[in-house]
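Peer 1: Here the protein sequences line up with chains A, B, C and D, keeping their order.
Once you know that position 7 of the first sequence is 6 in numbering that gives the first Met the number 0, the rest is easy, because the numbers rise by one and skip nothing.
Once you know that position 338 of the second sequence is 337 in numbering that gives the first Met the number 0, the rest is easy, because the numbers rise by one and skip nothing.
Once you know that position 228 of the third sequence is 227 in numbering that gives the first Met the number 0, the rest is easy, because the numbers rise by one and skip nothing.
Once you know that position 88 of the fourth sequence is 87 in numbering that gives the first Met the number 0, the rest is easy, because the numbers rise by one and skip nothing.
Beta carbons are placed, not taken as given, at the ideal position from N, Cα and C, and that holds for glycine.
I'd like to ask some things about the structure below.
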Amino acid sequence: MVPLSHYLILSAALFAIGMFGALTRRNAIGILMALELMFNAVNLNFVAFSRYLPQTMLQGQIFAIFVITVAAAEAAVGLAIVLGLYRNFKSVNVDEINLMKG
Amino acid sequence: MEKALERFYSVFAEWGVPSIVPQLIVMLVVVSVVILFISVSVMFMIWWERKISAHIQVRYGPMRVGGWHGWAQSIADGIKLLLKEDIIPAGADKLVFALAPMVVFAAALAAYVIIPFGPNLIVRDLNIGVLFYISISSLTVVGIIMAGWSSNNKYSVLGALRSAAQAVSYEVPLVVSVLGVIMTVGSLSMIQIVEAQKRIWFVIPQFFGFLIYLTAAIAECNRLPFDIPEAESELVAGFHVEYSGMRFAIFFLAEYANMFTVSAIATALFLGGWHGPLLPPWLWFLIKTYCIIFVMMWLRWTLARLRVDQLMNLGWKVLLPLAFLNMGITGLILVIHG
Amino acid sequence: MTQAFNIADLSTAAPEVILSAVAMLILVLDFIAPRGKRDWLGYLSVLGVLLTLMVVIRQWGATRSAFSGQYLSDPFALFFKILFLVSTALILLMSIGYLRGEGVDRGEFYGLILFATLGMMFMASAVDLLILYVGLETMSIPIYILAGFLKRERRSNEAALKYLLMGGFSSAVILYGIVMLYGLTGATGLKEIASSLTAGTGMFSNPALILAMVMLAAGFGFKIAAVPFHMYIPDVYEGAPTPVTALLSAASEIAGLAILLRVFLVAIPGLQVRWTLLFYVLSLLTMTVGNVVAIAQSNIKRMLAYSSIAHVGYLLIGLVAGPERGISATLLYTLVYALMTLGAFAMVILLCVGEVKGERIDDFTGLAQRSPMAAAAMLIFLLSLAGVPPTAGFVGKLYLFGAAIERGYVWLAVIAVVNSAISLFYYMKVTMAMYMRDIPPAGLALSPSRPLRVALFVAVVGTLAIGVYPGPFLDLARASVAGLW
Amino acid sequence: MTVTQAVFFLLAAFTLGAALLVVLATNIVHCAIALVFTFFGVAALYVLLDAEFLAAVQVLLYVGGITILLLFAIMLTSRISARGVKIMNEQAGISALVVFAILALMVFANLKGLVLAAAPLPASYATASLGRLLLTTYVLPFEVVSILLLAAMVGAIILAKREREKD
């Protein structure tokens, strides 16, 4: 069988990749995609733990279901915001969307 | 069937070959059988559709190739498509353009895993059976958008977007309509759902569910009266307007394969699957499935195309509330009967 | 293990049930409301909030657990629920006139504010990480939408996008912290996590646990706008519609603080030595950066944004000082902070008429001549924010800094006092504009909205009342933290 | 190396490769398509972890829902000709460093801090019990999430709908 540590490292790598994307992408939709990668990494961890930890309740899987649902809602709202933004700015690059300076 | 498999595996085990080898062989065999089945069945369906349309419009349709009522016409068409030059438009995104038909076909192929042709004639009786079909079928939409976008043609992009919007809107009532059956059986496994219909087919208690499913399924297949995505008169041919030759053939194949899948699922969920007197189970299953396919073709050549706004209204304001009503009433009855 | 959905659970969660029913009712009534006449939806939401508030107050004193122990209605939760509901009621009162002024004719605005409040209430009652996360998102997602509610306004679009992206990022970080806690203990209930952690020896120097703690602190740091996780806050505050800005600073940040307190105090109290240090640094950075940068601002919403960052720094002092004095001081200060911030934002809305948005500090020029009452109210809020007696801000700071000194964090208290002095400087800029300069020739218009005046009145009375007679409020805060750990 | 391990490594490589493509590809549509493959990789890993139901939900919601939404938004906001545009901001280098540091910390903490010896428990048929748990023990989050979805739906419609001409 595959040891738990493999899943944990994979998840950490996925999380880091997503974080890198969220920090560097210019396109707002690109950032949203990177965020989804991070959520997936967390979910992978949840499922792996719920498989390997000695317990009967499927808490990890339940948690993952909720995370997926919330992520979907967040993506829908995010894309609606991006569309509204595009209508006004004619761009979806976050560094060009900068009216306020401080 | 399973015994034969076990014997097959044990033979390899005796020779000392790692178990992955016979597993791979079995997988390959199953996949080729499914692809073969799809191709043959699709050719038959295309010929059939042409004949039905012709007879509805009081003509004969293809009559020459192969002798009796032009039965070999589809084979000839297929060979023609395969031999045609493979054109990739200059402005296209080559990688995505090449990937799109494969994605669409993979989705169509994967759905065959859970079709229960008979009590033991199923590739894999997954315990999430119905859910597997629902989730895998959404991959088709991704493939369609890939195809539309990569063609770099505004008609294909429009067609792809329309198709995606339609598929997403009709997927919701489709899923909810199936819930009635799943609640009654208490399982997602296809085999168990069919087994539960030994005495009474679900089409009787779940009649509204069946109608909603059928309507939504036709829309999922982008067939008339819901073929706005490919409406020839306004969009040329929708998302696959730039495709030709082999790649076009794959799209065509996938489309008819999907049609077969939704009909087969309808048979399994509502029409009692393989249950029936006298004839062998697999034959019953095929007969029922082809009956539904016939209905779909019949509708196609009888009804007019819906407008986009009508299409959305029907999906969200008619089918979805009805589907929820059906689910609620089913749940209520189940609770009352304990 | 299996526990069905029953009436007892529902009655324990009655406030949430009522509020969600009101919110959905608003959404439905919005369809039948005639165009241009949607103010009554706002009043109806205020009524709903007050009704919920009454139910919450009736529950005071009892500690009840529901839904398989994931939901807890204890004094701590009830205190925050009262705070959120009062804030929401005031914000709703402010919104009615504001929406009319901006030409937004949508009842969903009120519905979404109620949904956000509902999320906060669940956060306050959450003793399970799952319900905590879900509550957090139920608060955040409506606020993302509300921040972008002025669709034609580019700054509003920008605020919504920035808030959503940062919010999503911080949620992912929080989730990673949660999953590590789950992996370590196999539980998601805060109490279960705590007991399972004490069971294992050597748990508290476990790198995985420390990683979880740091991730949670960083994620919550985003939500409460602590430095260095504050970069997006000024832009969001400036761009969002002003009532939403008020909601963000007076309710959403406090809700973040509530779950932060609950998680760190209940689930990982064993790590207190480590997280005290962490929050010491965060607190120091947050108040200093917030106050210093606030000086340079000419936009009052932006200035208040930095000021609220600074106040988060003060609030964290209580967490550093620890139970029980420090935590009750933090709770008292959340109440004070919510009232005075709401008042300040209500003033911004009062000046938001037509082309004048009331957002530049110059917009306040000559307010004392135009309306001495309004200027006096603003003065009270500003003095309170700076911490000058006899206002609530003074009392709050006194208890906070006192708690810090009592625990030996003298330097932290000294720096906090210095910071308060700095803050006086930029608050006085507004006062100067109001009192020392003449009314501009173009005149100075005030919003005619009556509910807004009610909200202002309540905020003024509250700020003064806590300042003059803090006893009962302090008792309330003390009672709320009793039995938390 | 057993077959399962081989499958795991293949899937892990596939998922990480696709994820890297999501972050690094220059064309935003390619990113979205790579994202589909990442989601599939993760779904396959769920199957490997005996969480078939979750795998189906993952494909249904992520591939059938989120990706299609993303693709829609991309189609509406960018064009195929938008190639060769700079995709990253100026902080790419420093971000890479920071992220590497964080990754190293995470891997260290995961390996050092968690009990890894545990062999997996025998898998059980989980779909039915998941459903039961959602409607009994976890009914509160279930209801709260449904409220959240309602709010998100209403909000997304408000934000995405074109404003009526000034009335």
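Going by DSSP, what residue range makes up the alpha helix (DSSP H) through residue 70(C)?
Peer 2: Locating residue 70(C) in the third sequence gives position 71, counting from the first residue. Premise fails: residue 70(C) lies in the beta strand (DSSP E), 70-72, not in any alpha helix (DSSP H).
Peer 1: Hey, does residue 134(D) have any beta-carbon neighbour from chain A nearer than 9 Å?
Peer 2: The sequence position of residue 134(D) within the fourth sequence is 135, counting from 1. No, residue 134(D) does not count as interfacial toward chain A.
Peer 1: In the DSSP assignment, find the beta strand (DSSP E) that holds residue 77(D) and state where it starts and stops.
Peer 2: On the fourth sequence, position 78 is the one that residue 77(D) refers to. Careful: residue 77(D) lies outside any beta strand (DSSP E) and carries neither H nor E.
Peer 1: Taking the alpha carbon of residue 62(A) as the reference point, which residue from 53(A), 48(A), 72(A) and 73(A) has its own alpha carbon closest?
Peer 2: Residue 62(A) sits at position 63 when you count from the first residue of the first sequence. That would be 48(A), whose Cα lies nearest to the Cα of residue 62(A).
Peer 1: In whole angstroms, what is the alpha-carbon distance linking residue 139(C) and residue 74(B)?
Peer 2: Start at 1 with the first residue of the third sequence, and residue 139(C) comes out as number 140. Start at 1 with the first residue of the second sequence, and residue 74(B) comes out as number 75. Going from the Cα of residue 139(C) to the Cα of residue 74(B) covers about 58 Å.
Peer 1: For residue 301(B), which residues of its own chain have a beta-carbon under 8 Å away from its beta-carbon, when the five flanking residues on both sides are left out?
Peer 2: For this step, residue 301(B) is matched to residue 302 along the second sequence. Cβ-Cβ distances below 8 Å link residue 301(B) to 55 in the same chain, with the five nearest sequence neighbours on each side left out; the list follows chain order.
Peer 1: Is the beta carbon of residue 98(C) closer than 9 Å to that of residue 105(C)?
Peer 2: On the third sequence, position 106 is the one that residue 105(C) refers to. On the third sequence, position 99 is the one that residue 98(C) refers to. Between residue 105(C) and residue 98(C), the CB-CB gap stays under 9 Å.
Peer 1: Is there a Cβ from chain C that is less than 9 Å from the Cβ of residue 107(D)?
Peer 2: Taking the first residue of the fourth sequence as position 1, residue 107(D) is located at position 108. So yes, residue 107(D) belongs to the interface.
Peer 1: Under DSSP, the alpha helix (DSSP H) around residue 432(C) begins and ends at which residues?
Peer 2: Here residue 432(C) refers to the residue found at position 433 of the third sequence. Residue 432(C) -> alpha helix (DSSP H) spans 409-434.
Peer 1: Residue range of the beta strand (DSSP E) that residue 487(C) falls in?
Peer 2: Because chain C in this structure spans residues 0 to 484, residue 487(C) falls outside the shown range and cannot be described.
Peer 1: Check the Cβ of residue 67(C) against every Cβ in chain D and list those closer than 9 Å, keeping chain order.
Peer 2: The residue given as residue 67(C) occupies position 68 in the third sequence. Neighbours of residue 67(C) on chain D, chain order: 135, 136, 137, 138 and 139.
Peer 1: If we cut at 9 Å on Cβ distances, does residue 145(B) have a partner in chain D?
Peer 2: Position 146 of the second sequence holds residue 145(B). For residue 145(B), the nearest beta carbon of chain D is closer than 9 Å to its own beta carbon.
Peer 1: With DSSP as the reference, label residue 127(C) as helix, strand or coil.
Peer 2: Reading the third sequence from its first residue, position 128 is the one you call residue 127(C). In the structure shown, residue 127(C) falls within a strand segment according to DSSP collapsed to helix, strand and coil.
Peer 1: Report the start-end ranges of each beta strand (DSSP E) in the segment 264-328 of chain C that is 3 residues or longer and not cut off at the edges.
Peer 2: Counting only runs that start and end inside the segment 264-328 of chain C, there is no beta strand (DSSP E) element of at least 3 residues.
Peer 1: Give me the Cα-Cα distance between residue 183(C) and residue 174(C), rounded to the nearest whole angstrom.
Peer 2: The residue labelled residue 183(C) in the question sits at position 184 within the third sequence. The residue labelled residue 174(C) in the question sits at position 175 within the third sequence. Straight-line Cα distance between these residues: approximately 14 Å.
Peer 1: Return the CA-CA distance between residue 1(C) and residue 481(C), expressed in angstroms with no decimal places.
Peer 2: As a working mapping, residue 1(C) is identified with position 2 in the third sequence. As a working mapping, residue 481(C) is identified with position 482 in the third sequence. Per-residue confidence for residue 1(C) stands at a pLDDT of 45, beneath the threshold of 50, marking its modelled position as unreliable; no derived number is given.
Peer 1: Does the beta-carbon distance from residue 392(C) to residue 324(C) come in below 9 Å?
Peer 2: Locating residue 392(C) in the third sequence gives position 393, counting from the first residue. Locating residue 324(C) in the third sequence gives position 325, counting from the first residue. The answer is no: Cβ separation not under 9 Å.
Peer 1: Between residue 8(C) and the rest of its own chain, which residues show a CB-CB distance below 7 Å, the 5 nearest in sequence each way excluded?
Peer 2: By one-based count along the third sequence, residue 8(C) stands at place 9. Residues of the same chain with a CB within less than 7 Å of the CB of residue 8(C), apart from the 5 flanking positions on each side, are 65 and 66 in chain order.
Peer 1: Could you tell me whether the segment 365-375 of chain C touches the segment 408-423 of chain C, where touching means 3 or more Cβ pairs closer than 8 Å?
Peer 2: No contact exists between the segment 365-375 of chain C and the segment 408-423 of chain C.
Peer 1: On the CB-based measure, 16 or more other CB atoms within 10 Å of its CB, does residue 89(C) come out buried or exposed?
Peer 2: In the third sequence, counting from the first residue as 1, residue 89(C) sits at position 90. By the 10 Å Cβ count, residue 89(C) comes out buried.
Peer 1: Alpha carbon to alpha carbon, what distance is there between residue 59(B) and residue 38(B)?
Peer 2: Here residue 38(B) refers to the residue found at position 39 when the second sequence is read from its first residue. Here residue 59(B) refers to the residue found at position 60 when the second sequence is read from its first residue. Straight-line Cα distance between these residues: approximately 24 Å.
Peer 1: Beta-carbon within less than 8 Å of residue 252(C)'s beta-carbon, same chain only, minus the 5 sequence neighbours each way: which residues are those?
Peer 2: Along the third sequence, read from residue 1 onward, the residue named residue 252(C) stands at position 253. Answer for residue 252(C): 222, 223, 224, 307 and 311, listed in chain order.
Peer 1: If the cut-off is 9 Å on Cβ atoms, which residues from the segment 32-64 of chain D count as contacting chain B, listed in chain order?
Peer 2: 32, 35, 39, 42, 51, 52, 54, 55, 56, 57, 58, 59, 60, 62, 63 and 64
Peer 1: Beta carbon of residue 66(D), beta carbon of residue 41(D): below 9 Å?
Peer 2: One-based indexing of the fourth sequence puts residue 66(D) at position 67. One-based indexing of the fourth sequence puts residue 41(D) at position 42. No, the pair does not count as a contact, with Cβ atoms beyond the cut-off.
Peer 1: Could you please tell me which residues of the segment 114-144 of chain B, in chain order, have their CB closer than 9 Å to any CB of chain D?
Peer 2: For the segment 114-144 of chain B, the set of residues with a beta-carbon nearer than 9 Å to any beta-carbon of chain D comprises 125, 126, 127, 130, 131, 133, 134, 135, 136, 137, 138, 140, 141 and 144, in chain order.
Peer 1: Take every Cβ of the segment 167-184 of chain B, pair it with every Cβ of the segment 88-107 of chain D, and state whether three or more of those distances are shorter than 8 Å.
Peer 2: no
Peer 1: For residue 290(C), count neighbouring Cβ atoms within 10 angstroms of its own Cβ and tell me buried if that reaches 16, exposed if not.
Peer 2: By 1-based counting over the third sequence, the position of residue 290(C) is 291. By the neighbour-count rule (16 or more Cβ atoms within 10 Å), residue 290(C) is buried.
Peer 1: Restricting to runs no shorter than 4 residues, where is the alpha helix (DSSP H) found entirely within the segment 172-213 of chain B?
Peer 2: 189-194
Peer 1: Could you tell me if residue 362(C) is buried or exposed, where buried requires 16 or more neighbouring beta carbons within 10 angstroms of its beta carbon?
Peer 2: By 1-based counting over the third sequence, the position of residue 362(C) is 363. Residue 362(C) should be labelled buried.
Peer 1: So, does the segment 12-27 of chain B touch the segment 41-52 of chain B, judging by three or more C-beta pairs under 8 Å?
Peer 2: no
Peer 1: Which residues in chain C sit within 8 Å of residue 45(A), going by Cβ to Cβ distance?
Peer 2: Here residue 45(A) is taken as the residue at index 46 of the first sequence, counted from 1. Ordered by position in chain C, the residues that pass the 8 Å Cβ test against residue 45(A) are 178 and 181.
Peer 1: Within 10 angstroms of its Cβ, does residue 5(B) collect 16 or more other Cβ (buried), or is it exposed?
Peer 2: In the second sequence, residue 5(B) corresponds to position 6, counting from 1. It is exposed - the Cβ of residue 5(B) has fewer than 16 other Cβ atoms within 10 Å.
Peer 1: Between the Cα of residue 9(D) and those of 39(D), 25(D) and 152(D), spot the shortest distance and give me the residue it belongs to.
Peer 2: Numbered from 1 along the fourth sequence, position 10 holds the residue referred to as residue 9(D). Residue 39(D) is the option with its Cα nearest to residue 9(D).
Peer 1: Assuming residue 39(A) is part of the alpha helix (DSSP H), what are its boundary residues?
Peer 2: Translated into the one-based positions of the first sequence, residue 39(A) becomes position 40. It spans 27-51 - the alpha helix (DSSP H) in which residue 39(A) sits, taken as one unbroken run.
Peer 1: Can you tell me whether residue 165(D) is buried or exposed? The criterion is at least 16 other CB atoms within 10 Å of its CB, across all chains shown.
Peer 2: Indexing the fourth sequence from 1 puts residue 165(D) at position 166. Unreliable positioning characterises residue 165(D) in this predicted model, as indicated by a pLDDT of 46, which lies under 50. The coordinate reading is nonetheless provided below. Burial call: exposed.
Peer 1: Measuring alpha carbon to alpha carbon, tell me which residue in 377(C), 284(C), 455(C) and 456(C) is nearest residue 432(C).
Peer 2: By 1-based counting over the third sequence, the position of residue 432(C) is 433. Ranked by how close their Cα comes to the Cα of residue 432(C), the residues 377(C), 284(C), 455(C) and 456(C) have 377(C) in first place.
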